[in-house]
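What follows is one structure encoded as structure tokens, with my remarks underneath.
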Amino acid sequence: MTIPFVNLRAQYRALQPEIDAAIQGVLGECNFILGAPVREFEDAFAQFVNARHAVGVSSGLEALRLALFALGIKPGDEVILPANTFIATALAVSQVGAQPVLVDCDPRSYILAVDELERAITSRTKAIIPVHLAGQCADMDAVLAVAARHHLVVIEDAAQAHGALYQGRPCGSLAAAGCFSFYPGKNLGAYGDGGLIAINDAELAERLRRLRHYGQRAKYDHVELGTNARLDTLQAAVLNVKLRYLRNANAARWSHAQIYRQCLAGVGDLGFQQEMPYSTHVYHLFIIETSSRDALQSHLHAAGIETGIHYPIPLHLQPAYRHLGYIEGVFPQSERLAKMMLSLPLYPELTEAQLEEIVSEIRFFFQKVKLRTTVALPNTGPCPIPAEAAA
Ligand SMILES: *Cc1c(COP(=O)(O)O)cnc(C)c1O
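So for the sequence shown, this note's numbering puts the first residue at 5; every next one is plus one.
As structure tokens, then:
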């Protein structure tokens with residue numbers, strides 16, 4: 005049995021009639037650019053994240069870049085973001101000509117260490133981008149408090165957190181702008197690239213609509229230098245279908261994650277990304293940490309179980325960001341996690357049998373490790389899997 009890291013085919017099969025009909029609808033109309041499904045999706049998603057407006061764009065990176073641009077971030081400015089994130093968060097800052105300034109992450113939540121924010125602020129700092137990593141919200145009240153003290157703009161990178169709640173409120177609408185990605189493997193994924201900016205300010209929303217569409221106010225009436233970063237009608241049509249299932253899909257991810265937590269507790273030297281009390285985690289990723297990460301990954305691969313590493317090189321050590329001048333050792337938590345983190349398969353369609361197989365292979369691996377170090381075996385009795393969790 006092979007267990008892939010993501011399984012988009014299983015998801016398509018479950019929704020095939022509806023998705024095929026949605027795609028056929030677009031083909032029938034041939035309204036490929038900014039057709040009705042785009043606005044329909046924007047309105048539905050705005051409601052989903054409790055934002056007044058939503059502007060569909062061509063990717064998560066473009067969402068971040070346009071949000072920064074529209075909020076006035078410009079060359080010479082500094083923008084603070086975590087070292088432990090996907091490179092797109094920093095690239096968006098670089099692309100508006102500003103400088104990414106990195107901070108370490110919290111060892112428990114793996115998310116932006118808020119107590120390190122203040123030290124990173126200079127007279128040039130203009131914005132903070134908290135990243136809701138793996139599907140768990142950053143501590144937004146704490147971030148917003150620091151931002152208010154220093155008059156900084158806050159933009160949420162919610163590319164991994166569609167539907168995650170912070171103190172019961174949807175992330176993506178908690179700050180000046182919330183940026184989402186619909187890359188196929190995300191919790192809400194298109195059949196190609198896509199992204200969206202959730203925003204409460206009506207004027208900024210209008211400006212973002214212009215910016216993504218050549219800066220035009222009306223056809224061939226260009227009031228500013230825009231770009232081509234529209235969300236495709238075809239992608240919007242697919243997303244309209246999938247959005248209706250997102251809450252249930254997130255709930256299934258969450259209950260699978262609880263099974264991992266219960267069944268892997270106390271096994272070997274495993275640690276987990278902790279669930280913080282202020283966030284409802286939507287488990288884009290289920291991340292464990294262990295000092296035998298590479299050996300565990302090879303063991304699982306040999307057993308037909310694919311895993312991922314998010315991310316093996318923290319931003320400050322990426323060759324592309326060498327010019328920022330960070331040296332190894334400055335962000336010890338991010339560096340430690342880069343060596344220890346492993347993401348296990350986690351998607352709604354994962355079956356009970358697959359979960360059992362993954363759990364037992366991980367236990368088996370650590371038993372072998374223990375045997376080799378001649379320490380007593382841990383108790384690895386059967387772990388009950390609640391039937392409803394796998395439904
Ligand atoms: C996926 C992702 C992005 C970028 O999204 P794309 O649609 O791939 O451009 C940005 N930030 C984070 C944290 C992501 O995971």
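Beta carbons are placed, not taken as given, at the ideal position from N, Cα and C, and that holds for glycine. None of the values given here were measured: they were computed from a predicted structure.
**Beta bridge counterpart(s) of Cys267 as assigned by DSSP** = None, per the DSSP bridge assignment.
**Prompt:** Does the Cβ of Val53 lie closer than 7 Å to at least one heavy atom of ligand 1?
**Reply:** no
**Asked** Among Val286, Ala124, Phe368 and Glu361, which has the Cα closest to the Cα of Gly139?
**Response** Ranking Val286, Ala124, Phe368 and Glu361 by Cα distance to Gly139 puts Val286 first.
**Message:** Can you confirm whether the region 177 to 191 touches the region 102 to 118 when touching is taken to mean that 3 or more C-beta pairs between the two stretches lie within less than 8 Å?
**Reply:** Output reads no: the region 177 to 191 does not touch the region 102 to 118.
**Asked** When the Cα of Ala306 is compared with those of Asp145, Glu279, Leu319 and Glu365, which residue comes out closest?
**Response** Glu365
**Prompt:** Looking at C-alpha atoms only, which residue of Ala71, Arg326 and Val271 is the closest neighbour of Gln99?
**Reply:** Nearest option by C-alpha distance: Ala71.
**Request:** Give me the Cα-Cα distance between Val334 and His320, rounded to the nearest whole angstrom.
**Result:** Answer to the nearest angstrom: the Cα atoms are 9 Å apart.
**Item:** Three-state secondary structure (DSSP) of Asp161
**Value:** strand
**Asked** Hey, quick one: how far does the alpha helix (DSSP H) through Ala40 stretch, first residue to last?
**Response** Per DSSP, Ala40 is one residue of the alpha helix (DSSP H) stretching across Ala40 to Phe52.
**Prompt:** Of the choices Met144, Leu243, Gly312 and Ala269, whose alpha-carbon is the least far from that of Asp47?
**Reply:** Checking every option, the nearest Cα to that of Asp47 belongs to Leu243.
**Item:** As assigned by DSSP and simplified to three states, the class of Ile23
**Value:** helix
**Within-8 Å CB hit, Ile159 to chain D** = This model lacks chain D altogether, as it is built from one protein chain only.
**Asked** Is it the case that the CB of Gly299 approaches a heavy atom of ligand 1 more closely than 7 Å?
**Response** Note that residue 299 corresponds to Ala in the displayed sequence, not to Gly. Flag unset: Cβ of Ala299 not near ligand 1.
**Asked** Exposed or buried, Asn88, counting other C-beta atoms within 10 Å across all chains shown (16 or more means buried)?
**Response** buried
**Message:** Short of 6 Å in beta carbon distance, which residues of its chain neighbour Ala179, apart from the five on each side in sequence? Order them along the chain.
**Reply:** Val158 and Glu160
**Asked** Which full runs of the alpha helix (DSSP H) of 4+ residues lie inside the region 133 to 189, going along the chain?
**Response** 144 to 154
**Request:** Taking only heavy atoms of ligand 1 into account, decide whether any of them is closer than 7 Å to the Cβ of Lys374.
**Result:** If you check the C-beta of Lys374 against ligand 1, you find no heavy atom less than 7 Å away.
**Item:** Ala58 vs Ile291 beta-carbon contact at 8 Å
**Value:** Cβ atoms of Ala58 and Ile291: not closer than 8 Å.
**Per DSSP, cross-strand counterpart(s) of Ala202** = Note: Ala202 sits in a beta bridge opposite Ala58 and Gly182.
**Item:** Straight-line gap, Ile203 to Leu75 (C-alpha atoms, nearest Å)
**Value:** If you take the alpha carbons of Ile203 and Leu75, they lie about 11 Å apart.
**Prompt:** How about His154 and Ile125: do their beta carbons lie closer than 8 Å?
**Reply:** yes
**Prompt:** Alpha carbon to alpha carbon, how far is Pro316 from Ile91?
**Reply:** 12 Å
**Prompt:** Quick one: is the Cβ of Leu38 within less than 7 Å of any heavy atom of ligand 1?
**Reply:** no
**Sub-8 Å separation of Gly312 and Ala163 beta-carbons** = no
**Asked** Can you give the Cα-Cα distance for Gln239 and Arg376, rounded to whole angstroms?
**Response** 51 Å
**Message:** Under 7 Å: does the beta carbon of Gln164 sit that close to some heavy atom of ligand 1?
**Reply:** Remark: the C-beta of Gln164 is in contact range of ligand 1, defined as less than 7 Å to any heavy atom.
**Asked** Counting along the chain, where does the beta strand (DSSP E) carrying Glu353 start and finish?
**Response** No beta strand (DSSP E) contains Glu353, which DSSP labels as neither H nor E.
**Asked** Is Val227 buried or exposed, if buried means 16 or more other CB atoms sit within 10 Å of its CB?
**Response** exposed
**Request:** Determine the direct distance from the alpha carbon of Leu289 to that of Arg326, and round the result to whole angstroms.
**Result:** 28 Å
**Asked** Under a three-way DSSP split, which group does Ser259 fall into?
**Response** Ser259 carries a helical assignment under DSSP once its states are collapsed to helix, strand and coil.
**Item:** DSSP bridge partner residues for Asn232 (one or two, in chain order)
**Value:** His217
**Asked** Any heavy atom of ligand 1 within a distance shorter than 7 Å of the CB on Leu192?
**Response** Taking 7 Å as the cut-off, one finds no heavy atom of ligand 1 near enough to the beta carbon of Leu192.
**Message:** Tell me the rounded alpha-carbon separation between Gly29 and Gly270.
**Reply:** 51 Å
**Item:** CB of Ile115 within 8 Å of CB of Leu148, strictly
**Value:** no
**Item:** Straight-line Cα distance separating Phe49 from Leu247
**Value:** 8 Å
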